[in-house]
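Residue numbers (full-length UniProt numbering): 1 to 165. No residue lacks a Cβ here, since even glycine has one placed at the ideal position from N, Cα and C. Predicted model only: the values in this text are computed from it and were never measured.
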Ligand SMILES: [Zn+2]
């Protein structure tokens with residue numbers, strides 16, 4: 001696992017609540033596979049997209065994922081910018097379907113699947129944030145995170161991928 005120096009820095013350590021685990025991300029295996037494939041196809045750039053589904057209490061039920069353009073074309077592994085037009089189009093499309101946008105996934109090329117301080121700045125409470133680590137073009141670990149109610153730390157979220165693969 002690649003771990004650039006900055007991931008060991010105080011600033012990166014501080015934004016993760018090591019003691020807290022928050023809810024479950026229930027996601028179909030094929031959605032996870034598609035996230036992996038997109039992350040690999042986009043390498044060495046970051047890719048990002050939306051999680052579609054419902055939220056029940058602390059649990060997210062994900063029925064689909066949708067890629068959205070990353071408007072940030074830098075190679076930095078801790079920067080992505082979801083295309084707002086892409087977001088709004090999907091949001092509109094989902095109205096009345098009973099499903100909604102409940103999270104955002106993105107990749108970390110050659111970096112761990114842990115959030116950066118920049119990720120915290122753009123994170124919304126109540127959303128699930130899976131991060132796909134891609135090492136040398138191959139998808140590695142996927143970890144999921146959510147922001148605490150104070151908005152100052154990420155907590156780990158368990159990923160359940162619907163049993164059979
Ligand atoms: Zn990130």
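Grab the span of the alpha helix (DSSP H) containing residue i for me, first residue to last.
| i | result |
| --- | --- |
| residue 111 | From DSSP, residue 111 is part of no alpha helix (DSSP H); its letter is neither H nor E. |
| residue 123 | No alpha helix (DSSP H) holds residue 123; DSSP gives it neither H nor E. |
| residue 87 | 84 to 94 |
| residue 12 | 10 to 14 |
Return helix, strand or coil for residue i, following the three-state DSSP convention.
| i | result |
| --- | --- |
| residue 164 | Caution is warranted here: a pLDDT of 42 is assigned to residue 164, below 50, making its placement in the model unreliable, and the coordinate value is therefore given only provisionally. Coil, per DSSP. |
| residue 49 | strand |
| residue 38 | helix |
| residue 3 | coil |
On the criterion of 16 or more Cβ atoms from any shown chain inside 10 Å, does residue i qualify as buried, or is it exposed?
| i | result |
| --- | --- |
| residue 134 | buried |
| residue 145 | buried |
| residue 15 | buried |
| residue 124 | exposed |
| residue 46 | buried |
| residue 30 | exposed |
| residue 38 | buried |
| residue 71 | exposed |
| residue 128 | buried |
Going by DSSP, what residues sit across from residue i in a beta bridge?
| i | result |
| --- | --- |
| residue 135 | 138 |
| residue 61 | 26 and 54 |
| residue 107 | 132 |
| residue 67 | 49 |
| residue 146 | 155 |
| residue 100 | 53 |
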